[in-house]
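J.: The working numbering numbers the first residue of the sequence shown as 32 and each following residue consecutively.
Quick reminder that beta carbons are idealized off the backbone N, C-alpha and C, glycines included.
Here it is, the structure, as structure tokens.
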Amino acid sequence: MERTRPEPWRVKSVEPIRLVPRRDREAALQAAGHNVFRLRSEDVFVDLLTDSGTSAMSSSQWAGLQEGDEAYAGSRGWERLERVVRGVTGFPHVLPVHQGRGAETVYCRAFVEPGDVVLGNLHFDTTRAHIRNRGALPVDVVVDEGLDPDDPSPFKGNVDLARAERVVAEHPGRARLFVLTLTANTNGGQPVSLENVRAVSSFCRRHGIRLLIDAARFAENAFLVSEREDGQRGRLPADIALEAFSLADGAAMSAKKDGLVNVGGFLALREPEDLEACRPWAILYEGFVTYGGMAGRDLEAMARGLEEGLDPAYLVARIGQVRFLHGLLSDAGIPVLRPPGGHSVVVEAGRFLDHLPRELLPAESLAAALYLHAGVRAVGLGGLAFSEPDPETGEMRPGPWELLRLAVPRRVYTDNHLAYAAEAVAELWAKRAEIGGLRPIGPPTELPHFTATFEPA
Ligand SMILES: *Cc1c(COP(=O)(O)O)cnc(C)c1O
Numbered sequence: 032m033e034r035t036r037p038e039p040w041r042v043k044s045v046e047p048i049r050l051v052p053r054r055d056r057e058a059a060l061q062a063a064g065h066n067v068f069r070l071r072s073e074d075v076f077v078d079l080l081t082d083s084g085t086s087a088m089s090s091s092q093w094a095g096l097q098e099g100d101e102a103y104a105g106s107r108g109w110e111r112l113e114r115v116v117r118g119v120t121g122f123p124h125v126l127p128v129h130q131g132r133g134a135e136t137v138y139c140r141a142f143v144e145p146g147d148v149v150l151g152n153l154h155f156d157t158t159r160a161h162i163r164n165r166g167a168l169p170v171d172v173v174v175d176e177g178l179d180p181d182d183p184s185p186f187k188g189n190v191d192l193a194r195a196e197r198v199v200a201e202h203p204g205r206a207r208l209f210v211l212t213l214t215a216n217t218n219g220g221q222p223v224s225l226e227n228v229r230a231v232s233s234f235c236r237r238h239g240i241r242l243l244i245d246a247a248r249f250a251e252n253a254f255l256v257s258e259r260e261d262g263q264r265g266r267l268p269a270d271i272a273l274e275a276f277s278l279a280d281g282a283a284m285s286a287k288k289d290g291l292v293n294v295g296g297f298l299a300l301r302e303p304e305d306l307e308a309c310r311p312w313a314i315l316y317e318g319f320v321t322y323g324g325m326a327g328r329d330l331e332a333m334a335r336g337l338e339e340g341l342d343p344a345y346l347v348a349r350i351g352q353v354r355f356l357h358g359l360l361s362d363a364g365i366p367v368l369r370p371p372g373g374h375s376v377v378v379e380a381g382r383f384l385d386h387l388p389r390e391l392l393p394a395e396s397l398a399a400a401l402y403l404h405a406g407v408r409a410v411g412l413g414g415l416a417f418s419e420p421d422p423e424t425g426e427m428r429p430g431p432w433e434l435l436r437l438a439v440p441r442r443v444y445t446d447n448h449l450a451y452a453a454e455a456v457a458e459l460w461a462k463r464a465e466i467g468g469l470r471p472i473g474p475p476t477e478l479p480h481f482t483a484t485f486e487p488a
């Protein structure tokens, strides 16, 4: 039996949550057009929609808010943040941004031209949308096992370098940026090995491609490397992360994940010319270079959160909790992506609801059913969320996955909340044949899963 793993904190302040009665959940789901993104948080009991911006801050971070310096330029919080980001990443140049996609706006303006191909292991959905918005093509070059739900390989976020070589050969002169995402969110937070980061780095150097790390979950990646990679076991996550950054030209960070804040981010760069290329866009879109769309107090909280997020004791509890949820679901016989990843547990909605054709949105239907059954909110990531325009015809075609992602907010829920969610999924599994499908209402849009409405089929 696995040993009990007490969290390295105690609770100081609680926020009541409540399970509203079933008929109210029915009404809420109806009003939300059966899209759980449109539910009111008040109507949700256990919210596993996302791990983004949903972390609980520490008493030190809350104290940091009080100490926030609201000077327009050169605030104390900025000095501290810059020092911490330099220390954590090793990059000398730091541009603060209000969240991860702020960094994407800036680096896509500076580094992506129409007609370019932007390589990535598995591009995150906003990254993909930003690249396309610049008239460029995002191309995923993840290893085959990354797309195989049952493959137990430890590094399913790794890049297939032969595939990357082929993409470069097929698009001569058009591949100039590689975005390596640590961990790969799309397949459940699967890590990239340090060995693979090294290989990607030399590949990029050989082809003159700029390498940026999407660092949203860099600490969780480093922790998983310290557990799973030969030669890295037992090494400090902070040291592993620093080595990964040393192999890249820069990093884009959504601090709403491993930065343990509710909003914030940064773009960190090695070369002064890259800073020059990005700075004007940062000022235009995000604000002056010492606040980047944030209040001074947010900078304080982010500086402290970045350090806390690398604490090994915290990471043991964090990753252990995700693994706990994974174990409950997989022991109940529910098809989940393997092995457990960093921040979420992903149910194969297509297999769960194998009586539903893809037009009836198995992923979104399962999310709606779970909310209705237990007030638990997870996110359906199906053909709709990963839909892409066909390069030839421009017509939207569904992506390869039908998934239900249960993301675990950091330091927010206890194991009991997660056990409750797992029981609810298991109860649905027992009566899965009764779960009906949904049909989208209206035409498709960019990132449709956020806003679409559905009707029962
Ligand atoms: C969340 C996320 C982003 C975008 O960041 P936001 O803070 O949501 O704008 C980019 N990449 C990855 C891997 C993410 O998880």
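Give the secondary structure of D171 by DSSP, where H, G and I count as helix, E and B as strand, and everything else as coil.
T.: Of the three classes helix, strand and coil, the one that applies to D171 here is strand, per DSSP.
J.: For A134 and R205, I'd like the C-alpha separation in whole angstroms.
T.: Taking the straight line from one Cα to the other gives about 22 Å.
J.: Let's see if you can read the secondary structure: which residues bound the alpha helix (DSSP H) around M333?
T.: Note, M333: alpha helix (DSSP H), G327 to E339.
J.: Can you tell me which residues fall inside 6 Å of ligand 1, judged by beta-carbon distance to its nearest heavy atom, and keep chain order?
T.: Qualifying residues, in the order they occur: S83, Q130, G131, R132, F155, T157, T158, T212, N216, D245, A247, S285, K287, K288 and G296.
J.: Mapping DSSP to helix, strand and coil, what is T157?
T.: DSSP places T157 in helix when its eight states are reduced to three.
J.: Hey, quick one: how far does the beta strand (DSSP E) through F186 stretch, first residue to last?
T.: Taken as a continuous stretch (DSSP letters only), F186 belongs to no beta strand (DSSP E), as it is neither H nor E.
J.: Under the DSSP definition of a beta bridge, which residues are partnered with E379?
T.: Answer is L434.
J.: Using the beta-carbon count (16 or more within 10 Å), is G239 buried or exposed?
T.: Flag for G239 reads exposed.
J.: Compare the beta carbon distance of L437 and L356 with 8 Å and say whether it is the shorter of the two.
T.: Contact flag set, yes.
J.: By a C-beta neighbour count over all protein chains shown, 10 Å radius and 16 as the cutoff for buried, is E465 buried or exposed?
T.: Exposed, since its Cβ has fewer than 16 Cβ neighbours within 10 Å.
J.: Starting from L242, trace the beta strand (DSSP E) in both directions and tell me its first and last residue.
T.: First-last of the beta strand (DSSP E) with L242: R241 to D245.
J.: Run the CB neighbour count on G151, radius 10 Å, all protein chains shown included, and call it buried at 16 or more, exposed below.
T.: Result: buried.
J.: Count the other CB atoms within 10 Å of the CB of T136; is the residue buried (16 or more) or exposed (fewer)?
T.: Looking at its Cβ environment, which holds 16 or more other Cβ atoms inside 10 Å, T136 is buried.
J.: For T120, which three-state DSSP category applies?
T.: Looking at T120 - three-state DSSP - the assignment turns out to be helix.
J.: Sort out for me which residues DSSP pairs T212 with in a bridge.
T.: Paired residues: D245.
J.: Distance check for T81 and R301, CA to CA, integer angstroms please.
T.: If you take the alpha carbons of R301 and T81, they lie about 31 Å apart.
J.: Among Y444, V443, V456 and V376, which has the Cα closest to the Cα of P383?
T.: Correcting the residue identity first, residue 383 is Phe in this sequence and not Pro. Here the closest residue by C-alpha is V456.
J.: What do you reckon, are the CB atoms on N189 and N227 nearer than 8 Å?
T.: Against a cut-off of 8 Å, the Cβ pair of N227 and N189 comes out as a contact.
J.: Span of the beta strand (DSSP E) holding V491?
T.: With the chain represented from 32 up to 488, any question about residue 491 goes unanswered, as that position is not in the structure.
J.: Using a Cβ distance threshold of 8 Å, determine whether the region 118-133 contacts the region 315-332, with at least three qualifying pairs required.
T.: The answer is yes - the region 315-332 touches the region 118-133, with three or more Cβ pairs under 8 Å.
J.: With three or more beta-carbon pairs closer than 8 Å as the criterion, would you say the region 70-84 touches the region 49-60?
T.: In short, these stretches touch, since the Cβ pair count reaches three.
J.: According to DSSP, is Q221 helix, strand or coil?
T.: If DSSP states are grouped into helix, strand and coil, Q221 belongs with the strands.
J.: Excluding sequence positions up to five away, which residues of its chain have a Cβ less than 6 Å from the Cβ of V119?
T.: Excluding sequence neighbours, V119 sits near L337.
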